[in-house]
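Here our numbering runs 105 ahead of the position in the sequence shown, where the first position is 1.
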Amino acid sequence: DMGSKEMRIIFLYEYKLGHSTAEATRNINTAFGEGSVSDRTIRRWFEKFRSGDTNL
């Protein structure tokens, strides 16, 4: 099972690829199982990354 730190690394990876929050949510849930991450969680992290904060 993925830990939260590992999941956050994947959020940053999806962000760096230029994916939308919807694409990132879909990709992560496809890879790790439906319900692994919510769109709301991805949106929150992407906002943080967009502000220049990439601390995980």
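Note that the Cβ used here is the ideal one computed from N, Cα and C, for glycine as well. All figures in this text were calculated on a predicted structure; none of them were measured in a lab.
- Sequence-distant partners of residue 120 (beyond 5 residues in either direction) whose C-beta falls short of 6 Å from its own C-beta, in its chain, are 151 and 154.
- By alpha-carbon distance to residue 157, the top candidate from 137, 125, 132 and 117 is 117.
- Distance from the CA of residue 128 to the CA of residue 108, rounded to the nearest whole angstrom, comes to 21 Å.
- Between residue 141 and residue 134, the gap from beta carbon to beta carbon is short of 8 Å.
- Our two residues, residue 137 and residue 115, have alpha carbons roughly 11 Å apart in a direct line.
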